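Everything on this sheet refers to the single structure shown next.
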Amino acid sequence: MAAASNKPGAVHYALIVFVMMSVILGITTYMFHREYSDRAAKITELEGKTGTQTTLIKKYDDEIQALKKKTGRNFEQVEDPANAANANTVIGAIVKDLADFGKDLAGTTYAETLQKLREALDAASTDAGSKTAAIATLQKEMNDQKTRLNAQIDTHRKAQEKAEADLRNLVASRDEKLNAKQTEIDRNKADINQLVGELAQEKEGREKQVKKLQEDLTQLETRIDILQDKNNVLSGVRFEQPDGLIVAVNNTSRTVVINLGEKDQLKPRMTFSIYPIDNRALGAELDELKSNVDESYKDGRINITERDDRKQVLSFTGMKGKIEVTRLLGPHSAEARIIEEDLYRPMVPGDVVYTPTWSPGLIERISIIGDIDLDGDGKSDREQFHQFLSVSGVVIDNEVDDAGERLPADGKITVQTKFLVLGNIPDRADIVNDSEKARVDKLISHLAELRKEARVNGVRIVKLNDFLAHVGFQAKRRMFRPGDDKPYSLNSGVLKPIVNEPLGDSASSRDVFRPRSVPQQVSSGATSKLFGGKGK
Numbered sequence: 004m005a006a007a008s009n010k011p012g013a014v015h016y017a018l019i020v021f022v023m024m025s026v027i028l029g030i031t032t033y034m035f036h037r038e039y040s041d042r043a044a045k046i047t048e049l050e051g052k053t054g055t056q057t058t059l060i061k062k063y064d065d066e067i068q069a070l071k072k073k074t075g076r077n078f079e080q081v082e083d084p085a086n087a088a089n090a091n092t093v094i095g096a097i098v099k100d101l102a103d104f105g106k107d108l109a110g111t112t113y114a115e116t117l118q119k120l121r122e123a124l125d126a127a128s129t130d131a132g133s134k135t136a137a138i139a140t141l142q143k144e145m146n147d148q149k150t151r152l153n154a155q156i157d158t159h160r161k162a163q164e165k166a167e168a169d170l171r172n173l174v175a176s177r178d179e180k181l182n183a184k185q186t187e188i189d190r191n192k193a194d195i196n197q198l199v200g201e202l203a204q205e206k207e208g209r210e211k212q213v214k215k216l217q218e219d220l221t222q223l224e225t226r227i228d229i230l231q232d233k234n235n236v237l238s239g240v241r242f243e244q245p246d247g248l249i250v251a252v253n254n255t256s257r258t259v260v261i262n263l264g265e266k267d268q269l270k271p272r273m274t275f276s277i278y279p280i281d282n283r284a285l286g287a288e289l290d291e292l293k294s295n296v297d298e299s300y301k302d303g304r305i306n307i308t309e310r311d312d313r314k315q316v317l318s319f320t321g322m323k324g325k326i327e328v329t330r331l332l333g334p335h336s337a338e339a340r341i342i343e344e345d346l347y348r349p350m351v352p353g354d355v356v357y358t359p360t361w362s363p364g365l366i367e368r369i370s371i372i373g374d375i376d377l378d379g380d381g382k383s384d385r386e387q388f389h390q391f392l393s394v395s396g397v398v399i400d401n402e403v404d405d406a407g408e409r410l411p412a413d414g415k416i417t418v419q420t421k422f423l424v425l426g427n428i429p430d431r432a433d434i435v436n437d438s439e440k441a442r443v444d445k446l447i448s449h450l451a452e453l454r455k456e457a458r459v460n461g462v463r464i465v466k467l468n469d470f471l472a473h474v475g476f477q478a479k480r481r482m483f484r485p486g487d488d489k490p491y492s493l494n495s496g497v498l499k500p501i502v503n504e505p506l507g508d509s510a511s512s513r514d515v516f517r518p519r520s521v522p523q524q525v526s527s528g529a530t531s532k533l534f535g536g537k538g539k
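Read in the working numbering, the sequence shown has 297 at position 294, and its numbers run on one by one without any break.
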């Protein structure tokens, strides 16, 4: 039992723990107390420093407020770090003032700017002083000049008063003379007005008389043209004469021989129209030939009862065909190919050859106006027509080209001009294009001038188609069109069977391009009995 009581128990352990806790608590308390004492001293020190800073801050704020008030820029914010040019801050407003008021003299501070402005002001004051002195000098000189000018003005005023008095006297004298002249002028005006009235009446009468005479002249010219045409038709009188005769006809080679050659100045490729030897209307237009038959029928000089008979007489009076010279055989002999022929009136020896564009030893001259379309394709063939005339030895006195311009501009129809050839003049009413209307207007204007020149110089006016018919011209077509009855000029043609034998006509018939229902008949070469031949 004694041994058991000597061992430590729970009380002992609790006491030990209590003692240890007391020691630890005492140490901790001491440490916290000491730290608190240090912090309290530190706080007391900081509070002293804070009071000093607060005093300084208040002092600086008072100074800033005084500076704001002095600068006149009492904004709450002194500077905007994000925008130094903010005019709603003190610094921004100062920068703006320096730029606005300092201009070129603005510095980075008020002091610098004010110093520059002061220097500029002093310089300006010095300059103003010198200029004030100069102004005073000038003012003195001006006063001296005024004194001298006033003296001169007085002198001139006295001279002016004298001159005005002299002028009044002169004006009074002039007025008296002018009144006398005006009275004379008024009297002369009255006489002139009376004469003008009489002249106007005389002019009106003369104009009416001239207009009446012009109308009478126009009517007489028209009647003369009509009567001359009728006289030519009825009497058979023509300006043209046959150029030669057909002396031989070869129906096999479709060629003829004419009595014109080298000495007649004939050239290959010249064309002629063929007429019967008793033809009385050589070179006449078809309208004239028809008029001849109709007028003869009306006055009873020929007995024609049927219209077809009149047509037959008309056809027998006109052209029989056309030929083109292929080669010269001698001084007065040449070969020509038949390029067109009336099947009912074949060419025979003794028929006359004629062209208005050629005369042996002479140069024929013509004038041309209007559109030239030789093959009816709607395009101008003026160049081809020129080439044809050149081959025939024809000279163009003047012409109106496709643009409506007269070439040459001063060209005139003269007594040496043989024909005025009229091409197609489009109808202005059918034209929509303004430029084409202007061209047609030019053609119509030139046509009136050329007709007048032709009438004055006795030049015969012919239509292009009639002119081409008389000269034996035949347009060549290069393209076959089924159903068309015109001959076509092909590259291939008949061959010469014998050397130096005349070449036949190579113009193809349209029948070549279609099947034949019956065999083609071949001519015997003999002239029909209808025309005095020995054929069947």
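Every residue, glycine too, gets a C-beta built ideally from N, C-alpha and C. If you're wondering where the values come from, they're calculated on a predicted model, not measured in any experiment.
Proximity to residue i [Cα-Cα], best of the options
i      : options                           : result
Ile428 : Tyr113, Asp374, Glu367 and Leu28  : Asp374
Val398 : Thr420, Ser336, Phe78 and Lys71   : Thr420
His389 : Ala406, Gly407, Thr186 and Ser370 : Ser370
Leu365 : Leu269, Asp404, Val351 and Gly414 : Leu269
Trp361 : Ser176, Ala90, Gly247 and Ser133  : Gly247
Gln244 : Lys149, Glu224 and Tyr278         : Tyr278
Glu402 : Ile416, Gln68, Ala162 and Thr225  : Ile416
Leu450 : Pro411, Gly407 and Thr186         : Gly407
Arg458 : Ala43, Glu224, Leu202 and Leu28   : Glu224
Val418 : Ile326, Asp400, Asp100 and Arg226 : Asp400
Glu452 : Arg409, Ser438 and Phe476         : Arg409
Lys119 : Thr57, Asp107 and Thr129          : Asp107
Local Cβ density within 10 Å of residue i, reported as buried at 16 or more and exposed below that
i      : result
Ala337 : buried
Asn295 : A caution first: Asn295 carries a pLDDT of 45, below 50, which makes its placement in the model too unreliable to give a value.
Asp267 : buried
Lys192 : exposed
Arg481 : Because the pLDDT at Arg481 is just 47, under 50, the model does not fix this residue reliably, and the point stays unresolved.
Gly461 : exposed
Met145 : exposed
Val14  : exposed
His473 : buried
Lys62  : exposed
Ala203 : exposed
Val20  : exposed
Lys325 : buried
Ile261 : buried
His159 : exposed
Ile372 : buried
Glu167 : exposed
Those residues which DSSP pairs with residue i across a bridge
i      : result
Lys466 : Leu425
Ser276 : Lys325 and Tyr357
Leu331 : Ala337
CB contact flag (residue i, residue j, <8 Å)
i      : j      : result
Val351 : Val424 : no
Val98  : Glu82  : no
Phe470 : Pro359 : yes
Pro334 : Gly264 : yes
Ile341 : Val259 : yes
Lys323 : Asp281 : no
Ala102 : Ala109 : yes
Val443 : Arg454 : no
Thr112 : Gly105 : no
Val465 : Met273 : no
Pro271 : Arg368 : no
Gly426 : Leu467 : yes
Ser383 : Asp413 : no
Ser540 : Tyr357 : Residue 540 lies beyond the stretch modelled for the chain, which goes from 4 to 539, so this question has no answer here.
Lys440 : Ile434 : yes
Cβ of residue i within 8 Å of any chain B Cβ
i     : result
Ile30 : Note that chain B does not occur in the displayed structure, where there is just one protein chain.
Practice problem: Ignoring anything shorter than 4 residues or poking outside the segment 336-413, list the alpha helix (DSSP H) runs there in chain order. | Solution: As far as the segment 336-413 is concerned, its whole alpha helix (DSSP H) runs of at least 4 residues are 385-394.
Quiz item: What are the uninterrupted segments assigned as beta strand (DSSP E) that are 3 or more residues long and contained completely in the segment 196-274, given in chain order?
Solution: If one requires a minimum length of 3 residues, the beta strand (DSSP E) runs lying completely within the segment 196-274 are 247-253 and 258-261, in chain order.
Exercise. Tell me the start and end of each unbroken beta strand (DSSP E) in the segment 413-437 that is at least 3 residues and wholly inside, in chain order.
Key: Correct list: 420-425.
Self-check item: Inside the segment 88-117 only - alpha helix (DSSP H) runs reaching at least 4 residues
Solution: For secondary structure counted as the alpha helix (DSSP H) over 4 or more consecutive residues, the segment 88-117 holds these complete runs in sequence order: 93-105.
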